[in-house]
């Protein structure tokens, strides 16, 4: 007597269940480094925005200094007319420089945060993840850029209330945000590079305070390059803040500027800053 044919095994009627079993058997492929970079940048920016959402005190306190520059220094020198500005009111000429200055002041002390993360053990935990070090630095750099853009919006509002003739072209304002982000990325990477060298918050604070004023006064934020002595003009040409201010003036108040060159210089400076800070990140975590 012949045996009855074996019944066929029926396929699962639940494709989602089958797919879930398949995922258990085959783990997902790890992301490549280039795919982790935008994810880490977005995560760091989201963290910074969360901090600002929970505590807006920093925004209010940081708005005091640029407001004083525009209210006192800007309006006084507009009346004196001692600085040649090409026929535009001095306060209009000053406003883009104050935007760049306030953004730099936020970014230049960003290395203090990474030293705090090292002391709290957070940095070591980040370094043992598969995330590339360059992705961590880039995320922190552009998080500083997000904070600087928010600060720039505050300064633009103050300048508009004071009657500064700024452009409201959406494309130009987007370009302003990109310029501020690149400038802040460079200065935050400079701060993190110094942090990787000095390894101390106190030393970083001292060095940061020592270089902010030379960077500011050695740029075209307050006066044209043409009125500087020769040696200061040479300093201004290698100062990334000068290129940031030049681009902001061209975009915001419509004066002649080399915006494409300024953008290129800031992009290269930010890339070099990320590379330098990434190379020293391991030394900071020791």
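Residue numbers (my numbering): 824 to 1109. C-beta atoms are modelled at their ideal positions from N, C-alpha and C, and glycine is treated no differently. Keep in mind it's a predicted model, so treat the numbers as computed, not measured.
Cα-Cα separation, residue i to residue j
i            : j            : result
residue 1069 : residue 1048 : 10 Å
residue 910  : residue 917  : 13 Å
residue 1021 : residue 982  : 38 Å
residue 1079 : residue 1106 : 44 Å
residue 912  : residue 903  : 11 Å
residue 1094 : residue 1032 : 24 Å
residue 896  : residue 1065 : 19 Å
Anticipated Cβ contact below 8 Å, residue i with residue j, distance rounded
i            : j            : result
residue 1097 : residue 957  : 6 Å
residue 1019 : residue 864  : Residue 1019 to residue 864, Cβ: 20 Å. No contact.
residue 929  : residue 970  : 5 Å
residue 946  : residue 937  : 7 Å
residue 1027 : residue 935  : 6 Å
residue 907  : residue 1050 : 7 Å
Residue i in three-state terms, based on DSSP
i            : result
residue 1078 : coil
residue 1030 : helix
residue 911  : coil
residue 987  : coil
residue 944  : coil
residue 900  : helix
residue 1016 : helix
residue 1045 : coil
residue 1002 : helix
residue 961  : helix
residue 1065 : helix
residue 1022 : coil
residue 954  : coil
residue 1051 : coil
Residue nearest to residue i in terms of C-alpha spacing, selected from the options
i            : options                : result
residue 1103 : 901, 1013 and 945      : 1013
residue 994  : 912, 1075 and 1091     : 1075
residue 953  : 979, 984 and 862       : 862
residue 888  : 908, 924 and 898       : 924
residue 1041 : 920, 966 and 900       : 920
residue 976  : 883, 1084 and 1056     : 883
residue 1099 : 1011, 948, 968 and 922 : 1011
residue 988  : 866, 1084 and 915      : 915
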